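Notes follow once the structure below has been shown.
In this note's numbering, the protein residues as written are 1 to 221.
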């Protein structure tokens, strides 16, 4: 009897002999339970590959390498792995790819705390209505200049002066100061060091944030 080996999106008939996973080293896998990295041919069981992808995507790493880290630099692509993923993980990886495709200087996030959809300034600029823009997802209006919910008949300066405690940014900054979070200079996301050395990589892995100079008098940093 023959089995079927999954190689990206190609199916190859193979003898039904047992195969060893390169991650968990279990030797009791059939061919249909294995995933083969197309560019290098390394074999891993489907469950281990799923967990590997889930961890990397959760950490914001879109350049997911073959699990054989020490010897291989091959990459796993979204297209080659999509059939292995749960709907939730598939959506998360796709979202990360969409975020990565928008340059850092172009990124605008919806100020609605229940939405926070990522948009690009270029696409938003096509909505010609002064400073008011609408989120592509929730359609809530917001100010493109100061990135807060739309303040009708108020300038950005007046809004900040009259409603300083109503902006989400102000509230977030208070929490960030209390918890000693820091902001990445590239992606602008807040970062918290939970342990380890004083070098922290942001969620998108596009910059190395050195935090050893922050709060040197505080033992947490």
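Built from N, CA and C at the ideal position, the CB exists for glycine as well. Fair warning: this is a prediction, and the values are worked out from it, not measured in the lab.
- The C-alpha of residue 49 is placed about 12 Å away from the C-alpha of residue 82.
- Nearest in C-alpha terms to residue 75, of all of 85, 158, 61 and 181, is 61.
- Taken through DSSP and simplified to helix, strand or coil, residue 19 comes out as strand.
- Residue 101 and residue 92 have their C-alpha atoms spaced approximately 14 Å apart.
- Assignment of beta-bridge partners to residue 187 by DSSP yields no partner.
- A direct Cα-Cα distance of roughly 11 Å separates residue 64 from residue 58.
- With respect to residue 135, residue 156 sits apart: the two C-beta atoms are not nearer than 8 Å.
- If you draw a straight line from the Cα of residue 99 to the Cα of residue 30, it comes to about 37 Å.
- The DSSP assignment places 121-124 as complete runs of the alpha helix (DSSP H) inside the stretch 91-128, in order along the chain (cut-off: 4 residues).
- With fewer than 16 neighbouring CB atoms inside 10 Å of its own CB, residue 138 falls in the exposed class.
- Each of 112, 105 and 111 was checked against the Cα of residue 121, and the nearest Cα belongs to 105.
- Around the beta carbon of residue 35, a 10 Å sphere encloses 16 or more other beta carbons of the protein chains shown; the residue is thus reported as buried.
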